[in-house]
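Peer 1: Structure below; questions to follow.
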């Protein structure tokens, strides 16, 4: 019985500690587009009343926080901070953390949202110079995802100079992601010398039914479930959060669409989101689209015109004496974009511009004082600019915004990144002026080598009249194909607080294990330990996960999908040489799509159609003197939904060499020669011929040569130059090099009597 009392006391202490701290769950969109405005929902429950609780949001550089609402006086509710994604945000995944500071004696109650910025491949080309048989153009990546062409990789905002020839009048760039998304950007040279770009995206297809269920226990049980369905012309969405049910359904027909639902919606772009029901009908008419809608019993009628560079919408809200007009316009002129919206006397405007690698944007909103309670944010003015100067990438932004009392606050940010090979040095300065002024300066160094990444930073902070504080952080990461490990140490000397965090993610077949362990110390709370463990099992229709956080929180989740019978098939493979070693960087094309093998020599094609696929191996991507055993074009049969193949390669003999020019004349009398216009042809003793082009610097390579004696010639014959007879013996086991010297012939200038 004496132990029973101790156990009851421990359970009561844990329950009281959990009730004192409360709980926060963050929900929001999983995918975002660059340059958009969006919001997330932070659901808090069981927060202690009467405490000074502040909401803190940690968001990476591409995201700007437009408004942070107060947490309210209730012990539970929803906070909806508003964000804006920068127009230049690079495609990738980001974490946004929302913390309620002051709710827990030992720290803060927080949760994070994992979002993905969708890729948007774009490029522009400017003609630098043109000749009879070729043209030089400057290609600039204006999207947010890196583009690849042969061995050239163009990251966003960077440029690449390319020479178009008459024989090859188009170039294809590919953009890929680890999740299987890929697209092609084809740049062609028209007969009039203009360039154009097109980006046909291959639709990966979507499951017709998708679900996500989650049950969380942390002193109490909470449940969250989402279901989505898309079947032919009908689609539906549903959400169940504890005792709250929300959802919508839509029917697509040739005459238009009809949708209805219930959820948390905005009446228009500049209104605060509220829980309401709606019924919407849209009827397209060429470039016009008409819409009728009822939200919370109030009618809406709108007309949209989308043609060329202008997208315009006009909407009439309500009826009787309470009706008002709203408008929304978007104008696209080259690299300049202008957006303007106005509803109920509230206005929102945004301008985005770009020139080369430099981008800028102006964004502002005017919310009258009597309408602040209806808008998702207050009045603000924001300016943003970024660019690249050599190895340096910079970013800056300034903002003025009004708080709930009508006072104007200011925010300034300046960030600079300098890259030297594997090293990257970053500086970030931030100033926030409000009722409590805060300043922040951060210095960071990063080094990457293969699978390893090291990062160290120091941060200086000052809030109000409190003494400045320093925060030091060190990270070490290791990422392999099946595992990911990270360790992190944080130390705050002014308060004595420190933390040591270790995490890892390992995969084996259909199982995935995630472990996170944290040790906190310093201050008056003593040393404490926290552990997170998550086990995931992948099935044919989804994932089943179980996670536990020390003794405080346990979660069971199940998400999956059902796919309709699809005509698409998947082909995976591996490129190996004669000794079984993988070949990295081999470019392979099939049905208009291109992939490049990874360090393990593996590649994958998704969404292939038909009973077979013709694989085309790009010779320029192969290592020197390497050839495919079955040829550069190999046909693979697609008999099953998922196929696997192995492409074999063998090493051949080859040679490397160069052409140098030996001048004999005075500078004014020298002959001009373009080495890139020459081709070297070697003739084997069995009368077979092998030809290779010469680069501008005079270098050339030629592989796939059998053993024997060769003689060669340059074509076309260089006028005004001579060279010794070209002969070479190529034998197994000895490297072959060939150096050709072009000697300038003397010129005879006849005498002419004037």
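In our numbering, the protein residues as written are 10 to 763.
Even glycine gets a Cβ: it sits at the ideal position worked out from N, Cα and C.
1. So what's residue 592 in DSSP terms, helix, strand or just coil?
2. Do residue 479 and residue 503 come within 8 Å of each other at the CB atom, strictly closer than that value?
3. Please state the DSSP three-state secondary structure of residue 395.
4. Assuming residue 322 contacts residue 313 under a Cβ cut-off of 8 Å, what Cβ separation, rounded to an integer in Å, is found between them?
5. Identify, in the order they occur along the chain, each residue of the same chain with its Cβ nearer than 6 Å to the Cβ of residue 745, setting aside the five sequence neighbours on each side.
6. Taking the continuous beta strand (DSSP E) assigned at residue 702, which residues delimit it?
7. Could you check how far apart the C-beta atoms of residue 75 and residue 389 are, in whole angstroms? I think they sit under 8 Å.
8. Give a yes or no on whether the C-beta atoms belonging to residue 720 and residue 736 are separated by under 8 Å.
9. Near residue 747, which residues of its chain fall below 6 Å by C-beta distance, leaving aside the five closest residues on each side in sequence?
10. Would you kindly work out how many angstroms separate the C-alpha atoms of residue 461 and residue 485, rounded to a whole number?
11. Where are the beta strand (DSSP E) runs, 3 residues long or more, that stay fully inside the region 612-659, in chain order?
12. Compare the beta carbon distance of residue 415 and residue 445 with 8 Å and say whether it is the shorter of the two.
13. In or out: residue 150 buried (at least 16 other Cβ within 10 Å) or exposed?
14. Within 10 Å of its beta-carbon, does residue 703 have 16 or more other beta-carbons around it, so buried, or fewer, so exposed?
15. Between which two residues does the beta strand (DSSP E) carrying residue 577 extend?
16. Would DSSP call residue 199 helix, strand or coil?
17. Just checking, does the region 367-375 make contact with the region 344-356 on the three C-beta pairs under 8 Å criterion?
18. Figure out for me which residue from 628, 649, 229 has the closest Cα to the Cα of residue 640.
19. Rank 164, 110, 661 by C-alpha distance to the C-alpha of residue 402 and give the top, closest one.
20. Which residues mark the beginning and the end of the beta strand (DSSP E) in which residue 541 is found?
21. Check residue 122 in the structure and name its three-state DSSP category.
22. Rounded to the nearest angstrom, what separates residue 714 and residue 430 at their Cα positions?
23. Does DSSP classify residue 379 as helix, strand or coil?
24. Under a three-way DSSP split, which group does residue 684 fall into?
25. So within the region 289-337, which uninterrupted beta strand (DSSP E) runs reach at least 3 residues, ignoring any that extend past its ends?
26. Can you say whether residue 44 is buried or exposed, counting buried as having 16 or more other CB atoms within 10 angstroms of its CB?
27. Assuming residue 571 contacts residue 550 under a Cβ cut-off of 8 Å, what Cβ separation, rounded to an integer in Å, is found between them?
28. Per DSSP, which residues does residue 225 bridge with? Please list them.
29. Any idea what DSSP makes of residue 346, helix, strand or coil?
30. Distance cutoff 8 Å, beta carbons only. Does residue 350 sit that close to anything in chain D?
31. Within a Cβ cutoff of 6 Å, which residues of the same chain sit near residue 419, ignoring the five residues on either side of it in sequence?
32. Out of 231, 275, 683, 341, which one is the CA nearest neighbour of residue 284?
33. Name the one or two DSSP bridge partners that residue 721 has.
34. In angstroms, rounded to a whole number, what distance separates the CA positions of residue 240 and residue 530?
35. Is the beta carbon of residue 455 less than 8 Å from the beta carbon of residue 433?
36. Are residue 166 and residue 182 touching if we call contact CB-CB under 8 Å?
Peer 2: If we stick to the structure as given:
1. Coil.
2. yes
3. strand
4. 5 Å
5. 664, 739
6. 698-702
7. The Cβ separation is near 6 Å, so the contact holds.
8. Their beta carbons are under 8 Å apart, which means residue 720 touches residue 736 by this criterion.
9. 664, 666, 737
10. 7 Å
11. 621-626, 635-637, 642-646
12. no
13. By the neighbour-count rule (16 or more Cβ atoms within 10 Å), residue 150 is buried.
14. buried
15. Residue 577 -> no beta strand (DSSP E), and no H or E assigned at all.
16. Low confidence applies here, because residue 199 scores a pLDDT of 46, under 50, leaving its location unreliable and the question unanswered by this model.
17. yes
18. 628
19. 164
20. 537-547
21. strand
22. 37 Å
23. helix
24. Here residue 684 sits in helix by DSSP.
25. As far as the region 289-337 is concerned, its whole beta strand (DSSP E) runs of at least 3 residues are 297-304, 307-316, 319-326.
26. buried
27. The C-beta distance from residue 571 to residue 550 rounds to 6 Å, short enough to fall under 8 Å.
28. Answer by DSSP bridge pairing, in chain order: 231, 564.
29. strand
30. No chain D appears in the structure shown, which is made up of a single protein chain.
31. 409, 442
32. 275
33. 691, 735
34. 54 Å
35. yes
36. no
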